[in-house]
Each structure stands twice: as structure tokens, then as C-alpha cells.
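Trainee:
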């Protein structure tokens with residue numbers, strides 16, 4: 001009678017308790033706290049060996065059970081649940097993991113050592129358990145992935161369970177091919193500076209570099225990662241960290257707060273340089289721009305410049321062998337326009353999301369990662385990341401390293417098992433790529449990378465070594481949806497960026513050395529894909545950069561021009577000096593174009609813009625000849641426009657008033673009459689002198705005759 005009452009109580013508790021194991025990482029790990037306290041939790045701590053290879057290998061599972069019912073309990077038992085029917089495919093594995101109902105657990109409950117009685121457990125108490133079995137006891141006979149689970153039962157009624165996978169890997173008659181596996185790990189952040197003067201818009205980067213910060217965790221992974229792992233860096237991040245290592249300031253509501261040189265930033269850079277000295281490094285275009293948006297909004301030149309500057313920065317600050325021919329676009333998504341824009345900048349490989357380049361036809365096996373796309377500049381290799389393997393490196397919820405490792409082993413073994421089928425014997429390539437701004441668990445990621453290195457059906461490889469081969473499957477082409485387009489940076493956002501870029505280029509075109517604009521990095525940061533989810537911050541930074549560019553343009557000015565300014569010419573022809581002041585510290589070369597607003601009153605004898613070379617901090621002057629119209633005097637207006645060598649206007653045209661004092665028609669008559677009178681007087685004087693000479697000569701002759 002007592003046993004029946006206890007059984008009824010247990011059944012009632014089972015109906016009220018959660019039907020799944022409340023274990024971190026399970027799909028149902030988010031019930032209310034009150035619900036968790038009403039049930040039991042069973043978790044697996046270890047499974048050895050991780051993939052048994054012989055029928056007699058002892059499989060040992062250990063773990064804990066916790067009583068969250070709020071009352072003491074007894075009659076508990078931890079049991080191994082299993083099936084000797086292997087999974088048919090990866091889809092079946094996914095369905096098994098998503099189904100957390102205890103009623104659908106594997107039906108077999110092993111005997112002998114495959115269960116363990118738990119002594120009475122106090123409320124909130126925990127107990128450890130150990131279960132052992134062999135493949136032969138579990139009925140495993142061939143290579144494959146099998147479902148196993150551990151449940152906590154009370155009087156044979158399952159209360160909660162933890163599911164996982166067991167990969168049985170005996171020697172097979174047909175040797176399994178070793179699939180190439182490339183792992184790409186991103187080190188990408190959002191821009192933290194506006195201009196290059198050391199002023200940061202926030203101080204989030206310093207927090208990320210220390211303690212359990214995201215970038216600090218990435219450095220920990222880098223220190224133990226093998227040289228087959230490919231690292232994808234945003235050079236703008238390296239630039240920001242380098243600046244912090246020298247001292248910086250952070251903008252606040254009240255101005256700027258000065259920060260000392262960051263030892264943590266300096267150490268992070270040193271750690272990355274040392275750890276990745278022999279590893280493949282890929283540089284994104286500088287600041288990780290939204291290439292698709294740039295292509296669609298006509299900002300074509302920015303992508304090429306970002307790729308160029310990105311490579312230069314990454315090679316200078318991190319790894320001299322950093323590559324720029326591989327591109328990992330925002331969200332792993334491209335359309336043909338963006339692909340063409342990248343290809344003309346010498347990108348020959350793109351890393352894509354699996355939704356962006358699906359197989360042409362539905363496939364039941366895992367497709368090869370590599371395929372070929374056609375671009376305006378020729379073929380481009382497309383590498384498609386495996387979605388499930390990538391998610392294991394970045395689980396959506398907290399999970400144990402053990403369960404993720406068992407799932408990784410199972411997934412890759414299932415892919416190898418697919419190739420054991422007729423017609424699927426050629427090795428394939430696989431690519432793992434977590435999301436580009438991920439927040440990794442270094443213990444988990446390191447464990448998965450090490451596991452990949454020791455599995456006999458995997459061959460770790462660099463991303464660049466993955467090429468299309470015999471195993472490649474036809475792809476449907478780039479799939480870019482309307483929703484994908486909506487997520488891009490908009491025209492409204494990019495129009496001010498375009499204007500700021502155009503003005504910034506002028507500052508480089510007038511320097512005597514024709515160097516790149518000092519604002520290139522600042523403006524490229526405005527195009528970062530990070531602003532997709534933070535356009536307000538992006539616009540704020542854009543305003544700061546635009547003002548800095550305008551201030552730079554204003555340092556070259558026409559002196560003595562503008563409202564109220566005037567010059568004069570005396571007579572109908574004259575020369576007007578026009579001066580330009582260079583407040584920059586470098587020499588400049590520009591051209592001056594002068595045009596008359598009133599050509600009927602004043603003509604500018606300046607057939608083409610005049611070149612002017614001005615030293616840093618100096619002024620230069622051009623003498624401009626002008627001619628006033630006959631019979632006129634008064635004011636006329638000319639415009640003075642500075643231009644670059646290729647004819648682009650530099651700044652706005654300035655207006656200058658010219659006051660003319662040309663001779664009128666009456667004045668010319670008076671002058672002509674005066675000239676006539678003067679001429680008559682001269683002629684009369686000449687005739688008088690000639691007559692006097694004749695008279696003197698005649699008198700002399702008469703005097704001679706008298707003598």
C-alpha cells in the first residue's frame with residue numbers, strides 16, 4: 001500500500017515536473033525559474049572514449065543529478081537510454097536533439113552497469129553518478145552515429161534527461177576519406193574613432209581587451225590554435241588598438257577625457273603578433289565596409305581603397321603576409337553587383353553563408369564547400385560555411401563543452417559516413433565560420449579545434465587551400481532577398497558619406513606630392529557594416545568627420561575676397577593681384593580660375609586657370625590682367641575659383657568687385673585736341689627757326705661781298 005502511494009506521488013510529480021532535462025545548452029533550457037525548482041536536472045560531465053573503436057572498449061559516462069523539487073526524494077535512478085539503430089542522416093540528428101520530450105527517448109534501457117541507484121537526495125542536493133557499457137552490450141556493429149541519453153527516473157518513471165550522441169568508429173572495409181576542414185575565425189569589431197586625432201567615440205574597446213572581454217578571449221584562442229586556422233581581421237580594429245597603446249581620449253558630454261597609453265592594448269597586439277606569426281591572416285577591407293550597399297549606391301571607389309588600406313594596415317600592425325584576396329561580406333551575403341565590385345579589386349575568393357549560395361537541387365548529403373561564381377573580372381571561388389558546424393562554435397545558448405564536442409564528432413562522422421555510400425567516395429571540403437562579430441567561449445572553441453585535429457576522418461586545412469574539385473555540387477547562384485537588401489546601409493545614410501568622401505579627396509589632390517587623403521580611414525569607417533544596426537551612431541560620427549573635412553578645406557583661402565571686397569584698375573587696362581593663403585603645414589599646388597560676371601563691362605584676360613605653388617604656411621599671388629570696356633567706368637564683378645589639377649572645384653567660388661576708371665569719348669577728344677595744338681606749336685617753332693637761319697646766312701654772305 002505504501003509503495004502504491006509512493007508510486008502515485010511520483011507519477012504526480014512527473015506530470016508536474018518539466019518533461020526535459022533542465023541542462024545548460026538544451027533547446028528547452030529557458031523555462032521559468034519556478035519550473036526548474038520543481039524538477040530534477042541530470043547532466044553528463046564526461047564520456048570516454050569520445051568515439052569508441054572496438055566492440056570491447058569500455059564506454060564510461062559520468063555526471064551529476066540535482067534535486068530541485070524543494071523536498072527530499074528517494075527511489076531515484078540514473079539510467080543509460082540508447083538505440084542500436086544509427087542515424088540515417090544529419091537531419092535525423094537535428095530532429096533528435098530538438099525533441100526534448102522524455103517520452104521519445106531511445107527505448108532501450110541497458111542492464112548491468114548501465115544504470116545507477118541514487119541514494120536519498122535532500123532538497124537542493126546533488127549526487128554524482130557513473131555508468132559504463134561496451135559497444136557490444138549496446139548492440140553497436142558498424143561505423144555510425146547513435147543516439148544515447150541519460151535520464152533520471154523515480155520508480156522507473158523518467159523525470160528528466162540529457163541527450164547526446166555516440167559515434168562508433170571501428171575500422172571499416174571501405175576506408176573513409178579524410179575531408180578537408182577549414183576554420184575561419186573573425187576578429188571584427190565596430191569602429192570606435194571618428195577622425196584620426198586619437199579621439200574615441202566610446203571606451204568599449206578597452207573593456208573588450210581585458211579580463212573576460214571578447215577580444216581578450218580571442219587572444220586566448222589564438223595562443224593555442226594550430227597554424228591551419230585562418231584568422232580574419234578588420235584592420236581598423238588593429239588601428240584603434242594601436243592608437244590606444246599610444247594614448248587616446250574619449251568624447252564625453254562635457255568634452256573629452258584624456259586616457260593614458262593602454263598597456264592592455266599594447267599587450268594584446270603583441271600577443272596576436274606572436275601567436276599568429278605563422279598562421280594565415282586575412283584582412284577585411286578597412287573598417288569592414290558594407291560592400292553590397294556601396295555597390296548599390298554607386299560608391300564604387302571606396303571598396304577598392306578600403307581593400308588597399310586594409311592590407312597596408314594589417315601588414316604593418318599584425319602580419320606582413322596578411323592577404324586581401326579573400327572577402328567575408330556582411331552576414332556572409334553578396335549579390336552579383338557586390339561580387340563584381342570585389343572582383344575588380346582583385347578579390348578571387350568569397351566566404352558565404354549557406355543561404356546565399358544553396359545547391360541547385362535538393363541534396364540529402366552534405367555538399368562540398370567550394371564552388372565557382374562568374375564575375376565581371378572572371379571566375380571567383382565561393383566557399384560556403386557549414387551552418388551546423390559553425391553554430392557549434394557559437395551556440396545560441398549556454399552549453400557544456402562535452403555536449404558540443406560530442407555533437408561535433410557526430411556531425412563530421414556522419415558527413416564521412418555519407419561518403420561511404422556508392423558514388424560519394426571523393427573527399428569533400430568543409431568550412432566553419434561563426435558569425436563575424438561573435439562572442440566566443442575560448443574553452444569551447446579551443447576544445448573543438450583540438451578535436452578536429454585528432455579525428456581520423458578530418459584533415460585540417462587553411463581557408464585559402466580550399467578549392468573547387470570533383471566533389472563540388474552545382475549551386476543555384478547567389479540568392480539575395482529583398483530582406484537582405486533592406487538590411488544594408490541606406491541611400492539616406494550614405495549620401496552625406498559620399499559628399500564627405502568627395503570633399504576629403506580634394507585635400508589630397510592639391511598637395512604637391514599628391515598623397516592619399518588623410519581622411520580616407522576616417523571616411524571609410526563611416527561605411528562600416530557595423531552601422532547597419534546603429535545608424536544613429538553612424539550619423540553622429542559622420543557629422544564629426546564632415547566638420548573636420550570642412551575645417552581642413554577652410555585652411556586654404558583666397559584673401560581679400562568675399563562680400564565688400566573690391567579692387568581697382570586705372571585706365572582701360574590693368575592688372576589685379578589675387579592672393580591665396582595656405583595654412584597647412586605642407587606645400588600645395590592648385591589652379592586659379594577668374595571669370596567676369598559682367599563681360600560687357602570687364603574682360604578677364606586669363607585664357608586658362610593659372611597654376612600656383614604655395615609653401616606650407618605661406619601665401620601666393622597671381623597677377624590677373626583685365627580690360628575695361630571703352631567709354632565706361634564703375635564697378636564690375638569677377639568670380640575667383642580654386643581648382644585641383646584635374647579641374648575639380650576646391651571650395652566655393654569667391655566674388656570680387658573691380659572698380660574701373662576707363663577713358664570716356666569726350667576725354668579722348670580733349671586729349672586729341674591738345675595733341676593737335678601741341679603739334680601745331682612744334683611745327684611753327686621749327687619753321688621760325690628755319691627762317692631765322694636763312695636770314696642769318698644771307699646777311700653773312702652780303703658782308704663777305706663788301707669786303
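Numbering (UniProt numbering), first residue to last: 1 to 707. Each residue gets a CB set at the ideal place from its N, CA and C atoms; glycine is no exception. This one's a predicted model, so the numbers in the text were calculated from it and none came from an experiment.
1) Report, in whole angstroms, the separation of the C-beta atoms of residue 199 and residue 246, which I expect to be a contact under 8 angstroms.
2) How far does the beta strand (DSSP E) with residue 117 in it extend, from its first residue to its last?
3) For residue 654, which residues does DSSP report across the bridge?
4) Give the range of the beta strand (DSSP E) segment to which residue 76 is assigned.
5) Measure the C-alpha to C-alpha separation of residue 301 and residue 526 and round it to an integer number of angstroms.
6) What is the DSSP secondary structure of residue 162, reduced to helix, strand or coil?
7) Nearest-angstrom Cα distance between residue 489 and residue 272?
8) So, for residue 668: in the same chain, excluding its five sequence neighbours on each side, which residues have a beta-carbon less than 8 angstroms away from its beta-carbon?
9) Can the beta-carbon of residue 230 be found less than 7 angstroms from the beta-carbon of residue 285?
10) Only counting the same chain, and skipping five residues up and downstream in sequence, which positions put a Cβ closer than 6 angstroms to that of residue 548?
11) So, helix, strand or coil for residue 305, using DSSP?
12) Around the C-beta of residue 491, are 16 or more other C-beta atoms found within 10 angstroms, so that it is buried, or is it exposed?
13) Quick check: what's the CA-CA separation for residue 530 versus residue 191?
14) Using beta-carbon positions only, say whether residue 209 and residue 265 come within less than 7 angstroms of one another.
15) If you draw a straight line from the alpha carbon of residue 454 to that of residue 169, how long is it in whole angstroms?
16) Name the two residues that bound the continuous beta strand (DSSP E) containing residue 179.
17) Does DSSP put residue 466 in a helix, a strand or coil?
18) Pairs of beta-carbons, one from the stretch 442-462 and one from the stretch 130-146, closer than 8 angstroms: are there three or more?
19) On the DSSP bridge list, what partners appear for residue 454?
20) Could you work out which residue in 487, 477 and 650 is closest to residue 555 when comparing CA atoms only?
21) Which of the three DSSP states is assigned to residue 442 in this structure?
22) Buried or exposed, going by whether 16 or more other CB atoms sit within 10 Å of the CB of residue 376?
23) Check each candidate in 392, 495 and 581 and name the one with the smallest Cα separation from residue 546.
24) Please give me, in chain order, every unbroken run of the alpha helix (DSSP H) with length at least 4 that falls completely inside the stretch 206-234.
25) Determine whether the beta carbon atoms of residue 565 and residue 478 lie at a separation below 7 angstroms.
26) Pull the bridge partners of residue 388 from the DSSP assignment, please.
27) With DSSP as the reference, label residue 248 as helix, strand or coil.
28) Excluding the 5 residues flanking residue 429 on each side, which residues of the same chain have their C-beta closer than 6 angstroms to its C-beta?
29) At the level of alpha carbons, what is the spacing between residue 26 and residue 45?
30) Would you mind reading off the limits of the alpha helix (DSSP H) that contains residue 647?
31) Locate the alpha helix (DSSP H) running through residue 616, then write down its first and last residues.
32) The alpha helix (DSSP H) that contains residue 738, what's its start and end?
33) Below 7 angstroms between beta carbons: does that hold for residue 624 and residue 596?
34) Look at residue 55 and residue 136 and say whether their C-beta atoms are less than 7 angstroms apart.
35) Determine the direct distance from the alpha carbon of residue 103 to that of residue 24, and round the result to whole angstroms.
36) Three-state secondary structure (DSSP) at residue 606?
Mentor: The short version:
1) In the chain shown, counting from the first residue as 1, residue 199 sits at position 199. In the chain shown, counting from the first residue as 1, residue 246 sits at position 246. Not confirmed; about 13 angstroms, so no contact.
2) Taking the first residue of the chain shown as 1, we reach residue 117 at position 117. 115-118 is the extent of the beta strand (DSSP E) around residue 117.
3) As a first step, residue 654 is located in the chain shown; it is residue number 654 there, counting from the start. 640, per the DSSP bridge assignment.
4) Locating residue 76 in the chain shown gives position 76, counting from the first residue. Run containing residue 76: 76-82, per the beta strand (DSSP E) assignment.
5) Counted from its first residue, the chain shown places residue 301 at position 301. Counted from its first residue, the chain shown places residue 526 at position 526. Taking the straight line from one Cα to the other gives about 14 angstroms.
6) The sequence position of residue 162 within the chain shown is 162, counting from 1. Strand, per DSSP.
7) Along the chain shown, read from residue 1 onward, the residue named residue 489 stands at position 489. Along the chain shown, read from residue 1 onward, the residue named residue 272 stands at position 272. Approximately 31 angstroms between the Cα atoms of the pair.
8) Mapped onto the chain shown, residue 668 falls at position 668. Bear in mind that a pLDDT of 45 at residue 668, under 50, signals an unreliable position, so the number given afterwards is only what the model happens to contain. Nothing meets the Cβ criterion.
9) Working through the chain shown from its first residue, we reach residue 230 at position 230. Working through the chain shown from its first residue, we reach residue 285 at position 285. The Cβ-Cβ distance between residue 230 and residue 285 does not fall below 7 angstroms.
10) Counted from its first residue, the chain shown places residue 548 at position 548. So the qualifying residues of the chain are 195.
11) Taking the first residue of the chain shown as position 1, residue 305 is located at position 305. The answer is helix: DSSP assigns residue 305 an H, G or I state.
12) As a position in the chain shown, residue 491 is number 491, starting the count at 1. Residue 491 counts as exposed, since fewer than 16 other C-beta atoms from the protein chains shown sit within 10 angstroms of its C-beta.
13) As a position in the chain shown, residue 530 is number 530, starting the count at 1. As a position in the chain shown, residue 191 is number 191, starting the count at 1. Straight-line Cα distance between these residues: approximately 8 angstroms.
14) If you number the chain shown from 1, residue 209 lands on position 209. If you number the chain shown from 1, residue 265 lands on position 265. Their beta carbons are under 7 angstroms apart, which means residue 209 touches residue 265 by this criterion.
15) To locate residue 454, count along the chain shown from 1; it is residue 454. To locate residue 169, count along the chain shown from 1; it is residue 169. Take the alpha-carbon of residue 454 and the one of residue 169: they are about 13 angstroms apart.
16) Along the chain shown, read from residue 1 onward, the residue named residue 179 stands at position 179. It spans 179-187 - the beta strand (DSSP E) in which residue 179 sits, taken as one unbroken run.
17) For this step, residue 466 is matched to residue 466 along the chain shown. Three-state DSSP puts residue 466 in coil, outside helix and strand.
18) The way I'd put it, the stretch 442-462 doesn't touch the stretch 130-146; fewer than three beta-carbon pairs between them come closer than 8 angstroms.
19) As a position in the chain shown, residue 454 is number 454, starting the count at 1. Paired residues: none, contrary to the question.
20) Along the chain shown, read from residue 1 onward, the residue named residue 555 stands at position 555. Cα-wise, what sits closest to residue 555 is 650.
21) Numbered from 1 along the chain shown, position 442 holds the residue referred to as residue 442. Correct three-state label for residue 442: helix.
22) Residue numbering aside, residue 376 sits at position 376 when the chain shown is read from its first letter. Exposed.
23) The sequence position of residue 546 within the chain shown is 546, counting from 1. When each option's Cα is compared against that of residue 546, the closest is 495.
24) If we require 4 residues or more, the alpha helix (DSSP H) runs fully inside the stretch 206-234 come out as 214-224.
25) Sequence index remark: in the chain shown, residue 565 carries index 565 (1-based). Sequence index remark: in the chain shown, residue 478 carries index 478 (1-based). The answer is no: Cβ separation not under 7 angstroms.
26) Stepping through the chain shown from its first residue, residue 388 is reached at position 388. DSSP lists no partner for residue 388.
27) By one-based count along the chain shown, residue 248 stands at place 248. In this structure, residue 248 counts as strand in the three-state DSSP scheme.
28) Numbered from 1 along the chain shown, position 429 holds the residue referred to as residue 429. Counting only Cβ-Cβ distances below 6 angstroms, and skipping sequence neighbours, we find 180, 368, 369, 370 and 466.
29) One-based indexing of the chain shown puts residue 26 at position 26. One-based indexing of the chain shown puts residue 45 at position 45. Legend: pLDDT at residue 26 = 33, less than 50; position of this residue unreliable, no value from coordinates given.
30) Counting from one through the chain shown, the residue named residue 647 turns up at place 647. Here residue 647 belongs to no alpha helix (DSSP H), and DSSP marks it neither H nor E.
31) For the purposes of this step, residue 616 is identified with residue 616 of the chain shown, where counting begins at 1. No alpha helix (DSSP H) contains residue 616, which DSSP labels as neither H nor E.
32) Past the edges of the chain, shown from 1 to 707, lies residue 738, and the structure says nothing about it.
33) As a position in the chain shown, residue 624 is number 624, starting the count at 1. As a position in the chain shown, residue 596 is number 596, starting the count at 1. Not closer than 7 angstroms, so no.
34) Taking the first residue of the chain shown as position 1, residue 55 is located at position 55. Taking the first residue of the chain shown as position 1, residue 136 is located at position 136. Contact: yes.
35) Here residue 24 is taken as the residue at index 24 of the chain shown, counted from 1. Here residue 103 is taken as the residue at index 103 of the chain shown, counted from 1. Residue confidence is low: residue 24 scores 31 on pLDDT, short of 50, so the model does not pin down where it sits. Its coordinate-derived value is still stated next. Computed Cα separation, rounded: 20 angstroms.
36) Position 606 of the chain shown, counted from the start, is the residue given in the question as residue 606. Of the three classes helix, strand and coil, the one that applies to residue 606 here is coil, per DSSP.
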